[in-house]
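**Q** Heads up: the protein sequence lines correspond to chains L and F, in order.
With the first letter of the first sequence counted as 1, position 92 gets the number 92 in the numbering used here; the numbers rise by one all the way through.
Just add 100 to wherever you are in the second sequence, counting from 1, and you've got the numbering used here.
Ideal Cβ positions, reconstructed from N, Cα and C, are used throughout, including at glycine.
Supplied in C-alpha cells, the structure appears directly below.
There are 2 protein chains.
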Amino acid sequence: MWKLGVNPMSESYAVLIGRKPVMNYVLACITSFHGGAKEVSVKARGRAIARAIDVVEVVRGRFLPDVKIARIGIGTDQIPIREGSQASNVSTIEIVLQR
Amino acid sequence: MWKLGVNPMSESYAVLIGRKPVMNYVLACITSFHGGAKEVSVKARGRAIARAIDVVEVVRGRFLPDVKIARIGIGTDQIPIREGSQASNVSTIEIVLQR
C-alpha cells in the first residue's frame, strides 16, 4: 500500500495488486478507507489484472457497499526483458474507488 | 463472435474472450468494425480478463487508433460448480469499443 502524491491532504491511496491472496489486498483497501481515504486506486498489470477485479468486487460486494467505482482505465506498460533486447508489452488496469 | 440484440440494425457485436491467442480476438474485433459495426463489446471472465485488455490494447494501439473505449464495466458471475454445492464467484469485465 502506497500513499500517493506530494500533498498529504489528498487522502489518495494506491493498492498495487501482486501475487498474494485476494483478501490481503481487500484488507489494504478497507484499511485505507477506514483510515480516512476518500479515494483508493487499485492497480495491476498482466495476470494480476483479474485479481484486481476480484479485489474490487469483494470490497464492494461484501464489505463496503457504499464504495463506488469512479473510473476504470486500461493501458500498456513497456517492460525491458533484458538489456539490449526489445521491450515487452504488458496490459495494465487502474480502478479508482471512491467513498 | 456473436451478434447481439433483437434489432439487426443495431450493429452491436460482442466478442467473448476465451483461451485462444490474443490475435484471434483482435481479428474478430477488426472484422466486426470493418463489417460496419459501430460498437463492439469485448467480454471476459476469470483469467481471460487480462487477455481481454490485451485485445483492446492491440486493437487500439496497432490497428484501429480511431476506436474509443466507451465504457468499462466489471461484475461478478455466479457459476454452479456441481449440483447441490455452493456456487463459485467469478469476476467479469466488459469493455465497450466505439468507432
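1. Per DSSP, Gln178(F) forms a beta bridge with which residues?
2. Pairing CB atoms from the region 48–55 of chain L with CB atoms from the region 18–38 of chain L, are three or more of them under 8 Å?
3. Exposed or buried, what is Arg71(L) when buried is set at 16 or more other beta-carbons lying within 10 Å of its beta-carbon?
4. For a contact meaning CB atoms closer than 7 Å, what does Ser191(F) contact in chain L?
5. DSSP state of Glu94(L), grouped into three classes?
6. Closest Cβ-Cβ distance between Ile130(F) and chain L: below 7 Å?
7. Contact criterion: CB-CB distance below 7 Å. Does Arg199(F) meet it with respect to chain L?
8. Can you confirm whether the region 66–86 of chain L touches the region 163–178 of chain F when touching is taken to mean that 3 or more C-beta pairs between the two stretches lie within less than 8 Å?
9. So which residues on chain L does Ile174(F) lean against when the C-beta distance must stay under 8 Å?
10. Helix, strand or coil for Arg162(F)? Go by DSSP, reduced to three states.
11. Any beta carbon from chain L within less than 7 Å of Arg119(F)'s own beta carbon?
12. Whose C-beta lies closer than 7 Å to the C-beta of Asp177(F) among residues of the same chain, with five residues either side of it excluded?
13. Compare the beta carbon distance of Val96(L) and Ser12(L) with 7 Å and say whether it is the shorter of the two.
14. Look at the alpha carbon of Ile149(F) and the alpha carbon of Ile117(F), and state the distance between them as a whole number of angstroms.
15. I need the DSSP call for Glu157(F), collapsed to helix, strand or coil.
**A** According to the data block:
1. Counted from its first residue, the second sequence places residue 178(F) at position 78. Answer by DSSP bridge pairing, in chain order: Asn189(F).
2. yes
3. Along the first sequence, one-based indexing puts residue 71(L) at 71. Answer is exposed; the Cβ neighbour count stays below 16.
4. Along the second sequence, read from residue 1 onward, the residue named residue 191(F) stands at position 91. By Cβ distance, chain L contributes Ala50, Ile53, Asp54 and Glu57.
5. What you label residue 94(L) is simply residue 94 of the first sequence in a count that begins at 1. DSSP places Glu94(L) in strand when its eight states are reduced to three.
6. Taking the second sequence and counting its residues from 1, the one referred to as residue 130(F) is at position 30. Not one chain L Cβ lies under 7 Å of Ile130(F).
7. In the second sequence, residue 199(F) corresponds to position 99, counting from 1. With 7 Å as the cut-off, Arg199(F) does not count as an interface residue toward chain L.
8. yes
9. Along the second sequence, read from residue 1 onward, the residue named residue 174(F) stands at position 74. Ile53, Val56, Glu57, Ile69, Ile72 and Ile95, listed in chain order.
10. Residue numbering aside, residue 162(F) sits at position 62 when the second sequence is read from its first letter. Three-state result, Arg162(F): helix.
11. Walking along the second sequence from the start, residue 119(F) turns up at place 19. It does not: the Cβ of Arg119(F) has no partner Cβ on chain L nearer than 7 Å.
12. Start at 1 with the first residue of the second sequence, and residue 177(F) comes out as number 77. Arg145, Val190 and Thr192.
13. Numbered from 1 along the first sequence, position 96 holds the residue referred to as residue 96(L). Numbered from 1 along the first sequence, position 12 holds the residue referred to as residue 12(L). It is not a contact, given that the beta carbons lie outside the stated cut-off.
14. Working through the second sequence from its first residue, we reach residue 149(F) at position 49. Working through the second sequence from its first residue, we reach residue 117(F) at position 17. Whole-angstrom Cα-Cα distance: 8 Å.
15. Along the second sequence, one-based indexing puts residue 157(F) at 57. The answer is helix: DSSP assigns Glu157(F) an H, G or I state.
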